[in-house]
Amino acid sequence: MFSYILRRILQMIPTLAGVILLVFFLFKYFGDDPAEILGGLQATQEQIDSIRRQLGLDRPVWEQLWLFVQKVVTFDWGASWSTKETVANIFATRLPATLTIMIPILVLEVGLAIVAGMAVAYVRGSLTDRLVMIISTIALSISFLVYIIIGQYLFAFQLGWFPVQGWTSSTWTNLMVYAPLPVLLAVLVSLAPHTRLYRSFFLDEIGHDYVRTARAKGVPEKTILFKHVLRNAMIPILTNVATQLPGVFIGSFLIEVFFSIPGLGREVYAAVGRGDFPVIQAVTIYLAALTMVINLVTDVLYKFVDPRVVLK
Amino acid sequence: MTNEVATASMTNDSSGPASVMPGEAGVIRHVSEALPRSPGVWMEAWKRLRGDRVGMVSLWIVGAFLLMVVLAQVGLLAGDWQREVGEPFAPPTFVGAQAKEAAKAEAPRLPNIDLSDIDPLAPYYKEWSARAAQVKTVDATRAATLPFGGDRIGRDVLDKAIKGAQVSILVGIAAAFLATLIGTLLGAIGGYFGGKAGDFLEWLYNVFTSIPYILLIFALAAVFKYGPMGKVFSSSIVPVVVILGVVGWTGIYRLVRAEYMKHRSREYVRAAEAIGAGHMSRMFGHILPNVSHVVLVQLSLHVVSFIKAEVILSFLGLGVPIDMVSWGTMLAEAQTELVLGKWWQLAAATAFMATFVTAFALLTDALRDAMDPKLR
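Put into structure tokens, the structure is as follows:
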């Protein structure tokens, strides 16, 4: 187990190096000259030259790459180009808001999808089953944007059940007052496709012999479904949750933009708008590293969920 | 399995007679004429698709949309979507014209004092009004209602939705083609050659997939917005197509690579090698037709997801340029209109998009069923 984890961590190094190279060269050769963005329109040539010296842009490419790697390793990205807030501070202050929204969404989504997917798989082939499939196909074809626009208009503006948007510094108020509508909308939108996906996970299991055996020896249906089938369907469920986990840290930037939640997703979106390269680069590289760690943790968890899995 | 058999028989048809003795050629031709000609893979797939009612209806809807896109592209349809034909926020015809706002409260009447002896401009008034009368002004009559309503400045929402369909669908299809091209090419190289090239491509794949999708899009959008490339292509759909294509190739690469690894040592490929077919010919002449059903289904899946992505990107202002209209930019306008109670632009964009995307998704399902020989 230990040697497996160690080997996986070693395997991450070339991938992470690739991410760093990709981001560095992408911005270096395809992005605009940072000195000109920083200097603004009225900058004189001396000012631009001085900025170039400060950023090390006058040095050879390999030295610049080395500076970039140092930034990544030491977490010291300096200040954002436009707001002068340090990048580390941006992470520390934006992440809590994102997590306040995304963790309830993930928990509710998975919980509801397990129950709904199980129910639909149990009645497979019936009218309910077909109806769910049709609804999820049509529901999927409408843009997420439309759901947010209409949901915000209807529930917040017209009916006044929730505030239209807003955020405070108190996590509890945020969770109780400002988070419910975005969370509700996100969960509602993803419910149909998730049900369809989880249905297929459970259908794969329900047809197996062990289910028939359990029925034959008189195990109650509820126990069969929630103990035997669920346990066996954990691997695809875990995989699905793992693919969503990195998204929890970026947040749904659409939701954050619409409900003006000061999260990481909105920050990156705003950074694109104002050409704030350090913020985009930092978020991209660290999220990529996080994704790799999550994948590793998921693979190790497989072992705990299903002892038959052999890690090699 | 059918694929192989069909290709093998096709290869026989074309190369068989050429390689045998002249005397035997006639016999073989005779035999092959006597045998019932086996239908090709595509013919079989088409036959199966014909039998799928949902698939055929979807095909017709998608076909109608594509025809609309072509007509809009050549300017026959919605060519003048920018003309302000109706009143601002003209409601849809079936809703009826909006009630005229109550006449403005009349201004209090003041006694008309003759100012002409102190007004320095007074002598010119007559001349000016005479000149003004000579200038012809077209007093455009603006329609009170439009079939699907009008937007903020009175443009026809139906025309906008058609023009938006053209842009959104073109972006989706072009980006899907780009992603499929990159994915198929790299997947073919990685799967066919393996070894060092394969390892390198696997590394590239890992790098691309470890970056969350949306962050890669944002990074590319930032680069395009401020970089030298962005300045060249600033007023076209090229940036958004490239962004989506470069981000979206990974899934196709993985599938195509797996197919190529499966196929590269099959008998028909070895046979092709034996008769002297080179690497290129084996990769793209022999294996590609046999994995093309995978590629086609992936292409069609990606069209749907890229159209949705384009709508979101355009909504955020990272997609098509501002002088174009797409379903995404319509939704962006619709958000503020909805608060004023003007729902028709939102409804039109959503209805167009939902119809096309549903039809395309169902068509994709039908295509997959029709082209997966294992399901038979």
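Chains as they are written, first to last, in this note's numbering: chain R, 20 to 331; chain E, 4 to 379.
Idealized CB from N, CA, C, for every residue including glycine.
All values derive from a computational prediction rather than experimental measurement.
Boundaries of the alpha helix (DSSP H) around E:Ala164: Val160 to Phe196. One thing to note: E:Gly194 has its Cβ within 7 Å of the Cβ of E:Met264.
Under the DSSP assignment, R:Asn108 falls in the alpha helix (DSSP H) whose first and last residues are Val106 to Tyr141.
Assigned with DSSP and collapsed to three states, E:Gly279 falls in coil, not helix or strand. Counting the other Cβ atoms within 10 Å of the Cβ of E:Gly54 gives fewer than 16, which makes it exposed. Taking CB atoms only, R:Leu41 has a neighbour in chain E less than 7 Å away.
Of all residues in the region 209-231 of chain R, none places a beta-carbon less than 9 Å from a beta-carbon of chain E. Sequence-distant partners of R:Ala98 (beyond 5 residues in either direction) whose C-beta falls short of 6 Å from its own C-beta, in its chain, are Thr105.
Among the bridge pairs identified by DSSP, E:Ala224 is matched with none.
R:Ala289 does not reach chain E, its nearest Cβ partner there being about 10 Å away, counting only Cβ pairs nearer than 9 Å. Apart from sequence neighbours up to five positions away, the residues of its chain that approach R:Leu57 with a beta-carbon distance below 6 Å are Ile70 and Trp100, ordered along the chain. E:Pro215 and R:Tyr288 have their C-alpha atoms spaced approximately 14 Å apart. Using beta-carbon distances, E:Pro150 does not count as an interface residue toward chain R, since no partner is under 7 Å. Around E:Leu223, the same chain offers Val245, Ile246, Val249 and Val250 as residues with beta carbons nearer than 8 Å, after the five sequence neighbours per side are excluded.
In terms of beta-carbon proximity, E:Gln338 lines the interface with chain R, with at least one pair separated by less than 7 Å.
Separation of the CB atoms of E:Ala357 and R:Ser160 is rounded to 5 Å, and the pair is thereby assigned contact status at 8 Å. Contact annotation for R:Gly50 against chain E: Ala225, Val226, Tyr229 and Gly230 [CB-CB distance below 8 Å, chain order].
For E:Met356, the chain R residues whose C-beta falls within less than 9 Å of its own C-beta are Ser160, Ile161, Ser162 and Val165, listed in chain order. Here R:Ala62 carries a coil assignment [DSSP, helix/strand/coil]. Shortest Cα-Cα distance from E:Ser171 to any of E:Gly152, E:Arg145, E:Met71 and E:Ala93 involves E:Met71. At a cut-off of 7 Å between beta-carbon atoms, E:Ile240 makes no contact with chain R. Taking a beta-carbon distance threshold of 7 Å, E:Asn293 does not count as an interface residue toward chain R. Taking all protein chains shown into account, E:Trp131 has fewer than 16 neighbouring C-beta atoms within 10 Å of its C-beta and is therefore exposed.
As a beta-bridge residue in DSSP terms, E:Glu87 pairs with E:Arg158. Between E:Ile185 and E:Trp252, the gap from beta carbon to beta carbon is short of 7 Å. For R:Tyr197, there is no enclosing alpha helix (DSSP H), as DSSP gives it neither H nor E. Under the three-state reduction of DSSP, R:Gly284 is assigned to helix. A direct Cα-Cα distance of roughly 10 Å separates R:Asp95 from R:Val88. Distances from the CA of E:Trp63 to each of E:Arg371, E:Phe363 and E:Asp372 were compared; the closest alpha carbon is that of E:Phe363. The CB of E:Thr361 comes closer than 8 Å to the CB of Thr156, Ile157 and Ser160 in chain R, given here in chain order.
By the CB criterion at 7 Å, R:Leu283 and R:Ile304 fall outside the cutoff. Residues of chain R with a Cβ closer than 8 Å to the Cβ of E:Leu349 are, in chain order, Val165, Ile168 and Ile169. For the pair R:Glu224 and R:Val230, the Cα-to-Cα distance works out to about 8 Å. Within its own chain, the residues whose Cβ lies closer than 8 Å to the Cβ of E:Leu343, once the five positions on either side in sequence are excluded, are Phe92, listed in chain order.
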